[in-house]
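S.K.:
4 protein chains.
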Amino acid sequence: MLKKLTEEKLAELLETGIAEFAENGPTGANVNVIAKKAGISVGVLYKYYENKEAFFQACLNRSLGVLESVLHDVIEGEDKLLVRAEKMIRALQRYSKENSNYIKMYNVITSGNGKKYASLYAAEIEGMTAKIYTGFIERAMKDGDIRNDINPRFFAFFFDNLLMMLQFSYCCDYYTERAKVYCGEYFQDDEQMVSELLKFLESAFTFCRTEVVHKK
Amino acid sequence: MLKKLTEEKLAELLETGIAEFAENGPTGANVNVIAKKAGISVGVLYKYYENKEAFFQACLNRSLGVLESVLHDVIEGEDKLLVRAEKMIRALQRYSKENSNYIKMYNVITSGNGKKYASLYAAEIEGMTAKIYTGFIERAMKDGDIRNDINPRFFAFFFDNLLMMLQFSYCCDYYTERAKVYCGEYFQDDEQMVSELLKFLESAFTFCRTEVVHKK
Amino acid sequence: MLKKLTEEKLAELLETGIAEFAENGPTGANVNVIAKKAGISVGVLYKYYENKEAFFQACLNRSLGVLESVLHDVIEGEDKLLVRAEKMIRALQRYSKENSNYIKMYNVITSGNGKKYASLYAAEIEGMTAKIYTGFIERAMKDGDIRNDINPRFFAFFFDNLLMMLQFSYCCDYYTERAKVYCGEYFQDDEQMVSELLKFLESAFTFCRTEVVHKK
Amino acid sequence: MLKKLTEEKLAELLETGIAEFAENGPTGANVNVIAKKAGISVGVLYKYYENKEAFFQACLNRSLGVLESVLHDVIEGEDKLLVRAEKMIRALQRYSKENSNYIKMYNVITSGNGKKYASLYAAEIEGMTAKIYTGFIERAMKDGDIRNDINPRFFAFFFDNLLMMLQFSYCCDYYTERAKVYCGEYFQDDEQMVSELLKFLESAFTFCRTEVVHKK
DNA sequence: AATGAATGAGAATTCATTCAT
DNA sequence: TATGAATGAATTCTCATTCAT
Chain A
24 MLKKLTEEKL
34 AELLETGIAE
44 FAENGPTGAN
54 VNVIAKKAGI
64 SVGVLYKYYE
74 NKEAFFQACL
84 NRSLGVLESV
94 LHDVIEGEDK
104 LLVRAEKMIR
114 ALQRYSKENS
124 NYIKMYNVIT
134 SGNGKKYASL
144 YAAEIEGMTA
154 KIYTGFIERA
164 MKDGDIRNDI
174 NPRFFAFFFD
184 NLLMMLQFSY
194 CCDYYTERAK
204 VYCGEYFQDD
214 EQMVSELLKF
224 LESAFTFCRT
234 EVVHKK
Chain B
24 MLKKLTEEKL
34 AELLETGIAE
44 FAENGPTGAN
54 VNVIAKKAGI
64 SVGVLYKYYE
74 NKEAFFQACL
84 NRSLGVLESV
94 LHDVIEGEDK
104 LLVRAEKMIR
114 ALQRYSKENS
124 NYIKMYNVIT
134 SGNGKKYASL
144 YAAEIEGMTA
154 KIYTGFIERA
164 MKDGDIRNDI
174 NPRFFAFFFD
184 NLLMMLQFSY
194 CCDYYTERAK
204 VYCGEYFQDD
214 EQMVSELLKF
224 LESAFTFCRT
234 EVVHKK
Chain C
24 MLKKLTEEKL
34 AELLETGIAE
44 FAENGPTGAN
54 VNVIAKKAGI
64 SVGVLYKYYE
74 NKEAFFQACL
84 NRSLGVLESV
94 LHDVIEGEDK
104 LLVRAEKMIR
114 ALQRYSKENS
124 NYIKMYNVIT
134 SGNGKKYASL
144 YAAEIEGMTA
154 KIYTGFIERA
164 MKDGDIRNDI
174 NPRFFAFFFD
184 NLLMMLQFSY
194 CCDYYTERAK
204 VYCGEYFQDD
214 EQMVSELLKF
224 LESAFTFCRT
234 EVVHKK
Chain D
24 MLKKLTEEKL
34 AELLETGIAE
44 FAENGPTGAN
54 VNVIAKKAGI
64 SVGVLYKYYE
74 NKEAFFQACL
84 NRSLGVLESV
94 LHDVIEGEDK
104 LLVRAEKMIR
114 ALQRYSKENS
124 NYIKMYNVIT
134 SGNGKKYASL
144 YAAEIEGMTA
154 KIYTGFIERA
164 MKDGDIRNDI
174 NPRFFAFFFD
184 NLLMMLQFSY
194 CCDYYTERAK
204 VYCGEYFQDD
214 EQMVSELLKF
224 LESAFTFCRT
234 EVVHKK
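Chains as they are written, first to last, in the numbering used here: chain A, 24 to 239; chain B, 24 to 239; chain C, 24 to 239; chain D, 24 to 239.
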């Protein structure tokens with residue numbers, strides 16, 4: 024047909040790529056299949072991207088870009104830690120339903136295939152959130168909102184670990200199955216997830232020894 | 024005599040397979056390379072395993088078997104929740120150093136590649152721990168050791184999420200990089216990790232509203 | 024106006040084609056690259072030439088045309104054989120420095136790629152020179168200028184062989200290396216080449232048995 | 024069929040490769056076609072040779088190896104220059120009929136495709152003959168067998184040029200056509216070629232100025 | 001008429017699987 | 001029974017050619 028590739032076509036190619044890479048991994052996905060599914064020829068794909076690897080990274084970047092922009096919307100503002108946490112959980116729930124492929128792509132780089140993506144992406148992707156979360160916690164500590172006997176970096180790490188696992192649980196097949204094993208049908212209940220996770224987090228950040236509670 | 028050789032050789036084959044699959048993923052790993060590294064012929068590999076997929080699953084099963092046996096050692100006994108948690112964290116730290124490939128294999132199935140392993144393994148692998156953890160928590164709730172306003176299944180889920188992320192952080196390239204981004208050099212400090220994570224968990228499981236603490 | 028541009032552009036296109044074909048051969052050269060280097064679109068190339076093959080032949084024809092015109096300048100006139108030979112050698116030395124691509128193109132058709140060009144070009148290209156050289160020699164024989172016990176066609180053949188090899192030695196990578204292996208640094212010395220080759224030719228065409236010389 | 028590749032099969036593969044490369048050049052030849060024609064799978068070809076380039080060089084080396092061994096047979100011995108020349112011409116005539124592909128391969132590297140083979144092979148291939156021929160001529164000069172006012176390296180160069188062109192004329196399509204243009208039907212007459220070329224060479228190597236002859 | 005992005009057949013290369021020895 | 005060379009389908013990537021703009 025020889026129609027010029029529109030911006031949308033190019034976006035569609037990336038989305039198709041993301042879907043295929045998310046499903047089959049960087050090695051398992053097939054460039055010809057992606058092109059065909061996207062309704063273009065392999066040739067154009069190779070006109071825009073030097074090789075499979077470069078195309079994979081383009082898909083990755085798109086995914087991470089979207090992820091980041093979503094994160095930004097939530098992360099901004101001056102809410103208290105738990106308010107923010109709640110907002111993040113809800114955003115993530117809303118977001119995961121449709122855009123699970125982006126999160127799957129993120130999951131792809133966290134797994135197996137060599138240190139390649141570890142060194143390339145970890146600092147870039149995690150750096151910002153790590154700083155922001157740590158900052159939150161430090162401030163909250165100063166403000167007396169949360170306990171002050173902790174290392175904010177570690178707590179930021181645990182906090183993000185929980186959110187990351189939640190994301191994957193909503194999006195990635197294995198994690199979803201696993202979540203169902205743990206939570207059963209309740210896993211579908213978004214409200215319950217919010218409330219339970221918030222309870223967990225609130226407590227975790229609160230200073231109180233067990234005795235105190237019992238004394239009560 | 025041949026039997027004997029084969030038994031050892033078979034173990035070596037599986038270990039080599041695990042190493043290669045852990046490094047390159049199910050699609051990226053090369054059967055011929057694995058056989059050569061293991062010092063056997065491809066032919067014999069195909070005598071024992073119908074195809075690459077079957078061999079991969081054998082490697083997976085071996086990995087998960089080892090993981091499970093380690094878990095068992097720690098999970099048994101009648102300790103209180105946090106004591107048990109501490110034991111688990113320490114076991115996992117010890118264990119991760121040498122046997123990272125088993126955990127990488129676990130990580131492999133949690134990522135991308137189709138629903139295949141999700142449906143095959145999730146229930147099997149996670150079922151036991153889910154039940155045990157949930158049981159722990161329910162008992163602790165009854166005993167008054169921890170707060171009683173929570174859903175034990177969700178809390179077991181969060182608890183395992185944190186342990187799972189810790190495992191991956193110790194073993195898988197991307198997660199390691201990420202952990203360093205969050206915790207910096209302190210990530211290497213096993214004692215600090217134990218203490219901070221225990222603080223996090225202890226609090227999380229403890230009932231106390233922020234106000235209470237402040238009133239104090 | 025467009026016509027004018029096209030005429031220049033066309034020449035540039037052919038020259039670019041010649042350079043690329045000379046460097047990479049008919050199969051190795053890339054039509055898209057040629058068009059880009061020539062500053063035109065592939066489309067226009069295909070407007071003028073049915074396909075790569077036709078374009079290659081156009082480049083070839085241009086090359087051979089230039090070669091022929093150079094030859095004409097030298098071949099004309101009524102000089103004696105060796106005077107003519109000297110003029111030819113010098114012309115060829117002068118000419119080879121800048122226009123090596125034309126000679127490389129000539130070399131391209133003499134090599135490997137099928138009988139295609141053999142049948143197409145040999146008679147056309149070589150016919151004229153063969154006739155002229157043979158005529159020279161026949162006349163010189165009649166005039167008593169050179170020995171008369173030879174077959175003029177064979178001697179014309181040997182004569183042209185030597186000139187052809189000299190051309191290639193000045194222009195084509197392999198032949199140049201080879202000439203250096205034989206002549207060392209002296210290969211660069213144009214005067215020595217002229218004088219030695221003329222000695223060789225003069226003798227070759229001269230009737231004298233070895234004995235005569237020795238008697239002397 | 025999965026039959027082990029015999030030595031002969033491997034030789035056949037190389038011969039097929041030589042035929043295809045000789046016909047289509049390094050870029051034009053098709054590895055899959057070569058394998059099929061040789062009656063093996065592409066797989067084995069790539070087991071034995073890293074890539075097309077390596078396989079091409081193997082074909083080249085085989086060709087040059089054969090060429091060299093033929094040369095050796097003739098070059099040895101203590102004959103006088105022209106006796107040796109005659110032997111060489113005859114060997115070359117005999118040899119060219121069947122083994123034209125080896126010479127075509129030689130021709131392939133002398134043409135077009137970049138300096139790659141020029142730098143790789145020229146010194147190696149031409150070095151030996153250059154030294155031997157030059158040595159011959161120097162000795163003949165000392166012995167008073169040939170004129171002593173020449174540069175032996177240049178004369179060795181011209182001598183080899185003539186032999187090389189003869190080879191190509193017997194084997195390579197274009198050169199054959201060209202030879203026919205020059206010599207007509209007589210080109211087929213091996214005896215005449217020997218006698219005319221020897222006359223040419225004998226004279227060329229003999230000292231006698233034109234005047235001498237005329238004085239007569 | 002000119003452009004150059006798009007096309008897709010075709011070529012190089014890999015690797016899961018087979019089977020003669 | 002074990003071997004590992006051989007197989008060839010499948011995959012990545014190229015580039016001559018087309019045709020919408």
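Glycine included, C-beta positions come from ideal geometry on N, C-alpha and C.
Hey, does isoleucine 173 of chain A have any beta-carbon neighbour from chain B nearer than 8 angstroms?
M.R.: Chain B contact via Cβ: present.
S.K.: Relative to the C-alpha of valine 241 of chain C, which residue among C:Val89, C:Leu143 and C:Arg107 is closest?
M.R.: Outside the modelled stretch of chain C, which goes from 24 to 239, sits residue 241 of chain C, for which no answer is possible.
S.K.: Cutting at 6 angstroms between CB atoms, please list the residues of its own chain near valine 93 of chain A, excluding the five before and the five after it.
M.R.: Closer than 6 angstroms at Cβ, skipping near neighbours: Tyr118.
S.K.: Mind checking if asparagine 84 of chain D is an interface residue toward chain C, Cβ cutoff 8 angstroms exclusive?
M.R.: By this cut-off, asparagine 84 of chain D is not an interface position.
S.K.: Determine the chain B residues that contact arginine 107 of chain A at a beta-carbon separation under 8 angstroms, and present them in chain order.
M.R.: None at all; the shortest Cβ gap to chain B is about 15 angstroms.
S.K.: If we cut at 8 angstroms on Cβ distances, does leucine 185 of chain C have a partner in chain D?
M.R.: Yes, because at least one Cβ of chain D sits closer than 8 angstroms to the Cβ of leucine 185 of chain C.
S.K.: Just checking: is the beta-carbon of valine 236 of chain C within a distance shorter than 8 angstroms of some beta-carbon in chain D?
M.R.: Because the pLDDT of valine 236 of chain C is 38, which lies under 50, any placement of that residue in the model is unreliable, and the number read from its coordinates should be weighed accordingly. Yes, valine 236 of chain C lies at the interface with chain D (some Cβ there is under 8 angstroms from its Cβ).
S.K.: Tell me the DSSP secondary structure of alanine 34 of chain A in three-state form.
M.R.: Helix at alanine 34 of chain A.
S.K.: Name, please, each residue of chain A whose Cβ falls closer than 9 angstroms to the Cβ of cysteine 195 of chain B.
M.R.: Those are Thr133, Ser134, Gly135 and Ala141, listed as they occur along chain A.
S.K.: Would you mind working out which of A:Ser134, A:Gln116 and A:Leu83 sits nearest tyrosine 197 of chain B, comparing C-alpha positions?
M.R.: Comparing Cα positions, the closest option is A:Ser134.
S.K.: Any contact of the stretch 142–162 of chain D with the stretch 173–181 of chain D, i.e. 3+ C-beta pairs under 8 angstroms?
M.R.: Verdict: yes, contact present.
S.K.: For valine 171 of chain B versus methionine 164 of chain B, is the C-beta distance shorter than 8 angstroms?
M.R.: Residue identity differs from the one stated: residue 171 of chain B is asparagine in this sequence, not valine. Their beta carbons are under 8 angstroms apart, which means asparagine 171 of chain B touches methionine 164 of chain B by this criterion.
S.K.: Would you decide whether glutamate 200 of chain D is buried or exposed? Buried here means 16 or more other CB atoms lie within 10 Å of its CB.
M.R.: Glutamate 200 of chain D is buried by the Cβ-count criterion.
S.K.: Output needed in chain order: residues of the stretch 38–50 of chain C with a Cβ under 7 angstroms from some Cβ in chain D.
M.R.: Those would be Ala45, Glu46, Asn47, Gly48 and Thr50, in chain order.
S.K.: Taking DSSP as the reference, what is the three-state secondary structure of serine 92 of chain D?
M.R.: In the structure shown, serine 92 of chain D sits in a helix (DSSP, three-state: H, G or I).
S.K.: Which of helix, strand or coil does DSSP assign to aspartate 212 of chain D?
M.R.: Of the three classes helix, strand and coil, the one that applies to aspartate 212 of chain D here is coil, per DSSP.
S.K.: Quick one, which residues of the stretch 201–216 of chain C are near chain D if we go by CB-CB under 9 angstroms, in chain order?
M.R.: Going along the stretch 201–216 of chain C in chain order, one finds Arg201, Ala202, Lys203, Val204, Tyr205, Cys206, Gly207, Tyr209, Phe210, Gln215 and Met216 with a Cβ nearer than 9 angstroms to chain D.
S.K.: From what residue to what residue does the alpha helix (DSSP H) around alanine 52 of chain C run?
M.R.: Careful: alanine 52 of chain C lies outside any alpha helix (DSSP H) and carries neither H nor E.
S.K.: Under three-state DSSP, which class holds aspartate 168 of chain D?
M.R.: Reduced to three states, the DSSP call for aspartate 168 of chain D is coil.
S.K.: What residues in its chain sit with their C-beta under 7 angstroms from that of glutamate 99 of chain C, if we drop five residues either side in the sequence?
M.R.: Nothing meets the Cβ criterion.
S.K.: Mind pulling the chain D residues with CB within less than 9 angstroms of glutamate 161 of chain C?
M.R.: By Cβ distance, chain D contributes nothing, its closest Cβ being about 13 angstroms from glutamate 161 of chain C, past 9 angstroms.
S.K.: Measure from the C-beta of asparagine 74 of chain C to each C-beta in chain D and report whether the shortest distance is under 8 angstroms.
M.R.: Not closer than 8 angstroms to any Cβ of chain D, the Cβ of asparagine 74 of chain C fails to qualify, so no.
S.K.: Should lysine 120 of chain D be labelled buried (16 or more other beta-carbon atoms within 10 Å of its own) or exposed?
M.R.: Answer is exposed; the Cβ neighbour count stays below 16.
S.K.: Assuming leucine 104 of chain D and aspartate 168 of chain D form a contact by the criterion Cβ under 8 angstroms, report the distance between their Cβ atoms to the nearest whole angstrom.
M.R.: At roughly 7 angstroms, the Cβ-Cβ gap stays under 8 angstroms, so leucine 104 of chain D and aspartate 168 of chain D are in contact.
S.K.: Any beta carbon of chain A sitting closer than 8 angstroms to that of leucine 220 of chain B?
M.R.: Taking Cβ atoms only, chain A reaches closer than 8 angstroms to leucine 220 of chain B, which makes this a yes.
S.K.: If you draw a straight line from the C-alpha of valine 89 of chain A to the C-alpha of leucine 143 of chain A, how long is it?
M.R.: Whole-angstrom Cα-Cα distance: 18 angstroms.
S.K.: Would you check if the distance between the CB atom of tyrosine 205 of chain D and the CB atom of glutamate 149 of chain C is smaller than 8 angstroms?
M.R.: Yes, these two residues count as a Cβ contact at 8 angstroms.
S.K.: Among residues of its own chain, excluding the 5 on either side of glutamate 225 of chain B, which ones have a beta-carbon nearer than 8 angstroms to its beta-carbon?
M.R.: Same-chain partners within the cutoff: Leu105.
S.K.: Note down, in chain order, every chain C residue with its Cβ under 9 angstroms from the Cβ of glycine 150 of chain D.
M.R.: Chain C residues near glycine 150 of chain D: Val204.
S.K.: Beta-carbon of methionine 111 of chain B versus every beta-carbon of chain A: anything under 8 angstroms?
M.R.: Output row for methionine 111 of chain B: interface = no.
S.K.: Report yes if the CB atom of lysine 75 of chain B is closer than 8 angstroms to the CB atom of valine 56 of chain B, and no otherwise.
M.R.: No; because the gap between Cβ atoms is not below 8 angstroms, this pair is not in contact.
S.K.: Is leucine 83 of chain C closer than 8 angstroms to isoleucine 132 of chain C when the C-beta atoms are compared?
M.R.: It is a contact, given that the beta carbons lie within the stated cut-off.
S.K.: Please check the pair leucine 115 of chain A and alanine 81 of chain A, which I expect to be a contact at CB under 8 angstroms, by giving their CB distance rounded to whole angstroms.
M.R.: Rounded, the Cβ-Cβ distance is 25 angstroms, inconsistent with contact.
S.K.: Among B:Leu221, B:Phe191, B:Ala145 and B:Leu186, whose alpha-carbon lies nearest the alpha-carbon of lysine 203 of chain A?
M.R.: For the residues B:Leu221, B:Phe191, B:Ala145 and B:Leu186, the minimum Cα distance to lysine 203 of chain A belongs to B:Ala145.
S.K.: On the three-state DSSP scale, how would you describe glutamate 161 of chain D?
M.R.: If DSSP states are grouped into helix, strand and coil, glutamate 161 of chain D belongs with the helices.
S.K.: Are the beta-carbon atoms of leucine 87 of chain A and tyrosine 129 of chain A separated by less than 8 angstroms?
M.R.: Yes; because the gap between Cβ atoms is below 8 angstroms, this pair is in contact.
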